[in-house]
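A.B. asks: Here it is, the structure in full.
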Ligand SMILES: NC(=O)c1ccc[n+]([C@@H]2O[C@H](COP(=O)([O-])OP(=O)(O)OC[C@H]3O[C@@H](n4cnc5c(N)ncnc54)[C@H](OP(=O)(O)O)[C@@H]3O)[C@@H](O)[C@H]2O)c1
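Residue numbers (my numbering): 39 to 339.
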């Protein structure tokens with residue numbers, strides 16, 4: 039199969055690309071950085087600039103499916119201008135792809151888009167599977183709604199659309215985990231707030247495998263791309279400390295302090311969300327790392 043990937047140079051994209059190349063697929067990828075363009079066996083880079091509406095149209099030659107991962111990172115401070123960047127990097131890029139695909143009908147069969155668990159509201163009682171219709175009306179929740187709506191445009195072209203509502207990806211090579219590890223390693227680790235808030239997560243190998251599973255099985259609709267066992271903030275902090283062989287003796291950091299440090303983004307640490315990957319499990323996907331303990335024992339060495 040020939041697959042066009044955006045954001046292929048990022049955390050998930052690199053892992054997914056390696057998996058697809060191992061399975062003998064051909065990768066076309068779009069990058070906003072000319073320096074990242076490479077052309078080697080089965081791996082071909084193309085330039086785009088969604089803000090300026092520029093895209094190398096050759097990227098679509100012979101492509102059967104698109105995996106859209108590109109988007110500015112949510113881990114920078116959410117100033118008003120950066121919020122705009124978070125929105126535009128997702129919506130303008132999806133729209134640009136849509137207009138290109140529209141000019142080449144009946145070729146692409148499947149559009150798989152990254153999405154986020156931020157769409158679900160904070161709740162002490164709800165268990166969210168893919169049938170949940172509640173929406174979190176925060177900045178990030180609203181962003182995910184718009185992002186998914188832009189992906190759904192591809193349905194108009196009779197293309198199957200899948201939306202991967204992804205939890206925090208655990209990897210040793212980037213993302214949130216190395217940031218969680220740092221203070222604990224330096225004997226300054228602690229939980230946040232009551233520590234009872236549930237956090238959803240997924241191991242990097244499993245998220246790449248789940249994208250591939252979705253592609254192979256031509257799955258459509260929403261997929262909760264999270265491990266089957268969410269973990270409380272306190273347990274997660276303890277589990278990381280255990281694998282790092284570090285003690286935890288500091289009190290939990292309050293919401294007020296984290297708000298001062300991180301601004302609006304602090305909610306990511308305090309939201310309580312119990313999200314389960316019902317569809318992935320029902321469709322037969324097997325998680326290699328269903329528990330955080332197993333994932334962390336693999337990633338922290
Ligand atoms: N990692 C997680 O924990 C997590 C959780 C939930 C959802 N997600 C979503 O899954 C997707 C992939 O995540 P990731 O962790 O692999 O992200 P990442 O490492 O930050 O990589 C994203 C890629 O997007 C491209 N990009 C960055 N800024 C852009 C912009 N302004 N316009 C267009 N492209 C831009 C970059 O590729 P080029 O430099 O090659 O252009 C970058 O490599 C993202 O959309 C992310 O929001 C990730």
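Beta carbons: idealized from backbone N, C-alpha and C, even for Gly.
#1: Would you mind giving the Cβ-Cβ distance between residue 40 and residue 94, rounded to the nearest angstrom? I have them listed as a contact below 8 Å.
#2: May I ask you to verify whether the segment 124-137 touches the segment 56-65, counting CB pairs closer than 8 Å and requiring at least 3?
#3: Would the beta-carbon of residue 206 be found less than 7 Å away from any heavy atom of ligand 1?
#4: Label residue 117 either buried or exposed according to how many other C-beta atoms from any shown protein chain fall within 10 Å of its C-beta, with 16 as the threshold for buried.
#5: If you drop the 5 nearest sequence neighbours on each side, which residues of the same chain put their C-beta closer than 6 Å to that of residue 57?
#6: Beta-carbon separation of residue 284 and residue 222 under 8 Å?
#7: Should residue 289 be listed as close to ligand 1, given that the test is whether its C-beta is under 7 Å from any heavy atom?
#8: Span of the beta strand (DSSP E) holding residue 303?
#9: Under a three-way DSSP split, which group does residue 202 fall into?
#10: Since residue 207 sits in a beta bridge, which residues does DSSP pair it with?
#11: Quick one: what's residue 312 bridged to in DSSP?
#12: Is the beta carbon of residue 261 less than 8 Å from the beta carbon of residue 318?
#13: Where do the N-terminal and C-terminal ends of the beta strand (DSSP E) with residue 260 fall, by residue?
#14: Count the CB pairs spanning the segment 281-299 and the segment 198-206 that are closer than 8 Å, and state whether there are at least three.
#15: What residues match up with residue 25 in a beta bridge as DSSP calls it?
#16: Per DSSP, which residues does residue 154 bridge with? Please list them.
#17: I'd like to confirm something about residue 179: is its beta-carbon nearer than 7 Å to some heavy atom of ligand 1, or not?
#18: So the candidates are 237, 201 and 60; which of them puts its Cα closest to the Cα of residue 79?
#19: Is the beta carbon of residue 131 closer than 8 Å to that of residue 152?
#20: Quick one: Cα of residue 278 to Cα of residue 332, how far?
#21: Who pairs with residue 110 in a beta bridge, going by DSSP?
#22: How would you write the range of the beta strand (DSSP E) that residue 327 sits in, first residue to last?
#23: In this structure, does DSSP put residue 230 in helix, strand or coil?
#24: Check the C-beta distance from residue 160 over to residue 309 and give it rounded, since I have them as a contact under 8 Å.
#25: Is the closest heavy atom of ligand 1 to the C-beta of residue 91 under 7 Å?
#26: Helix, strand or coil for residue 291? Go by DSSP, reduced to three states.
#27: Where residue 232 and residue 312 are concerned, what is the direct C-alpha to C-alpha distance, given to the nearest angstrom?
#28: What does the Cβ neighbour count give for residue 173, buried or exposed, with the cut at 16 atoms within 10 Å?
#29: For residue 323, which residues from the same chain have a beta carbon less than 8 Å from its beta carbon, with the 5 sequence-adjacent residues on both sides left out?
#30: Which residue from 178, 287 and 336 puts its Cα closest to that of residue 209?
#31: What are the residues that DSSP puts in a beta bridge with residue 44?
C.D. replies: With the structure as the only source:
#1: Not a contact, Cβ separation roughly 15 Å.
#2: no
#3: yes
#4: exposed
#5: 246 and 250
#6: yes
#7: no
#8: No beta strand (DSSP E) contains residue 303, which DSSP labels as neither H nor E.
#9: strand
#10: 240
#11: 165
#12: yes
#13: 259-263
#14: no
#15: Nothing in the structure corresponds to residue 25, since the chain is present only between 39 and 339.
#16: 204
#17: no
#18: 60
#19: no
#20: 11 Å
#21: According to DSSP, which records beta bridges pairwise, residue 110 is partnered with nothing at all.
#22: Residue 327 -> no beta strand (DSSP E), and no H or E assigned at all.
#23: strand
#24: 4 Å
#25: no
#26: strand
#27: 16 Å
#28: exposed
#29: 247, 248, 251 and 315
#30: 336
#31: 68 and 106
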